[in-house]
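J.: So that we are looking at the same thing, I have put the structure below in structure tokens.
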Amino acid sequence: MSVNYGSKRVVTGAHYGLRDWLAQRVTGALMALFTVVVLVQVLFTSGPIGYEQWAGIFAAQWMKVLTFSVIIALLYHVWVGMRDIWMDYVKPVGVRLVLHVFTLVWLVGCAGWAFQVLWRL
Amino acid sequence: MTELTKKRPEFRNINAFKDLTTYRLPPAGWVSILHRASGALMFLLMPFIIWMFDTSLSSELSYGSFTAAFSAGIGFVPGWFVKLVVLALMWAYLHHFIAGVRHLYMDMTHSVTKEFGKSSAVVTLVLSIGLTVVLGAKLFGLY
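Heads up: the sequence lines are chains U and B, in that order. When the letters of the first sequence are read in order and numbered with this note's numbering, they come out as residues 1 to 121. When the letters of the second sequence are read in order and numbered with this note's numbering, they come out as residues 122 to 264.
Structure below.
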């Protein structure tokens, strides 16, 4: 059993298994639903798809709300997944910390960019 | 000396080039490691994905540069390379999606037998690679 208190506390690892396991499934299901919703709208568009049709799909308010939630879900999903990868392969705490910070900055930056795209549509 | 006291082999610091190539994975193992690899690939290419999201949606003009990236290329990157990267992303998404649905299905129905693990893994691999080939042919203008 690893020590999770006092000065000998293990400072690596997630320590919140069930919550993240469940979050990984819920966010995954939401993204799968989003994929189907986009796919259905693309397939049921009559005629060739140009800019108008493509942007029209994301311009509807309900679609913006859904896409917004999906970006948040993606953010959390990828954070859990990438943290799992770093925890499996990278053992030195310092290197792992740097990679965790990089992952967070990368993800938050990407999410911000995606929100910006959504907002001005 | 009995069998128990004999020193068991210890594996430390696995050599990615020498040892990993000798691994013989069952289908479920392939689905598992490719699930991880496809996820990591999409994480690394995320700025490119959002760039596509941005240029395809922002305006008629940017939509033009989005489609031009596939034919004429973008900057010093030729169009065929853009298509190749998108093909890799398509595979990554399809594999991650199908393997993810497999995960959810197994969790919900408690389908954790060895047989189901194998058959569903084979279905995952066939579907993801098959769909990548079909959609990839469309991407490269074969039909």
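Glycine included, C-beta positions come from ideal geometry on N, C-alpha and C.
Under a three-way DSSP split, which group does isoleucine 49 (chain U) fall into?
T.: Taking the first residue of the first sequence as position 1, residue 49 (chain U) is located at position 49. Looking at isoleucine 49 (chain U) - three-state DSSP - the assignment turns out to be coil, as it is neither helix nor strand.
J.: Decide if methionine 163 (chain B) is buried, meaning its Cβ has at least 16 other Cβ atoms within 10 Å, or exposed.
T.: Start at 1 with the first residue of the second sequence, and residue 163 (chain B) comes out as number 42. Its Cβ being crowded by 16 or more others within 10 Å, methionine 163 (chain B) is buried.
J.: Quick one: measure Cβ to Cβ for methionine 123 (chain U) and isoleucine 57 (chain U), integer angstroms, because I've assumed they're closer than 8 Å.
T.: This structure cannot speak to residue 123 (chain U), because chain U is shown only from 1 to 121.
J.: Distance, Cα to Cα, tryptophan 54 (chain U) vs threonine 143 (chain B)?
T.: Taking the first residue of the first sequence as position 1, residue 54 (chain U) is located at position 54. Taking the first residue of the second sequence as position 1, residue 143 (chain B) is located at position 22. Straight-line Cα distance between these residues: approximately 47 Å.
J.: Specify the secondary structure class of valine 38 (chain U) as computed by DSSP and reduced to three states.
T.: The residue you call residue 38 (chain U) lines up with position 38 of the first sequence. Three-state DSSP puts valine 38 (chain U) in a helix.
J.: State the Cα-Cα distance for the pair serine 7 (chain U) and leucine 97 (chain U), rounded to the nearest angstrom.
T.: What you label residue 7 (chain U) is simply residue 7 of the first sequence in a count that begins at 1. What you label residue 97 (chain U) is simply residue 97 of the first sequence in a count that begins at 1. Using only the alpha carbons, I get a separation of about 19 Å.
J.: Can you tell me the Cβ-Cβ gap for glycine 28 (chain U) and leucine 225 (chain B), rounded? I've got them flagged as a contact below 8 Å.
T.: Here the question's residue 28 (chain U) lines up with position 28 in the first sequence. Here the question's residue 225 (chain B) lines up with position 104 in the second sequence. The pair is a contact, with the Cβ atoms about 7 Å apart (cut-off 8 Å).
J.: When you compare each of B:Gly238, B:Glu181, B:Arg129 and B:Met167 to alanine 111 (chain U) by their alpha carbons, which one comes out closest?
T.: Here residue 111 (chain U) is taken as the residue at index 111 of the first sequence, counted from 1. It is B:Met167.
J.: Please report the residue range of the alpha helix (DSSP H) in which lysine 64 (chain U) lies.
T.: The residue labelled residue 64 (chain U) in the question sits at position 64 within the first sequence. From DSSP, the alpha helix (DSSP H) with lysine 64 (chain U) extends over 61 to 89.
J.: Where does the unbroken alpha helix (DSSP H) through serine 179 (chain B) begin, and where does it stop?
T.: Walking along the second sequence from the start, residue 179 (chain B) turns up at place 58. Premise fails: serine 179 (chain B) is in no alpha helix (DSSP H) and is neither H nor E.
J.: Taking the alpha helix (DSSP H) that glutamate 236 (chain B) belongs to, which residues open and close that run?
T.: Along the second sequence, read from residue 1 onward, the residue named residue 236 (chain B) stands at position 115. 235 to 260 is the span of the alpha helix (DSSP H), which, as asked, contains glutamate 236 (chain B).
J.: What is the residue span of the alpha helix (DSSP H) that leucine 104 (chain U) lies within?
T.: In the first sequence, counting from the first residue as 1, residue 104 (chain U) sits at position 104. From DSSP, the alpha helix (DSSP H) with leucine 104 (chain U) extends over 93 to 119.
J.: Across the stretch 148 to 159 of chain B and the stretch 239 to 248 of chain B, are there enough close Cβ pairs to call them in contact, namely three or more that are closer than 8 Å?
T.: Touching, per the Cβ criterion.
J.: Applying a beta-carbon distance threshold of less than 8 Å, which residues of chain B neighbour arginine 96 (chain U)?
T.: Residue numbering aside, residue 96 (chain U) sits at position 96 when the first sequence is read from its first letter. Those do not exist, as arginine 96 (chain U) stays about 16 Å from chain B at its closest Cβ, beyond 8 Å.
J.: Taking just the CA atoms, how far does glycine 200 (chain B) sit from phenylalanine 68 (chain U)?
T.: Here the question's residue 68 (chain U) lines up with position 68 in the first sequence. Here the question's residue 200 (chain B) lines up with position 79 in the second sequence. Straight across, the Cα-Cα distance linking phenylalanine 68 (chain U) with glycine 200 (chain B) is about 31 Å.
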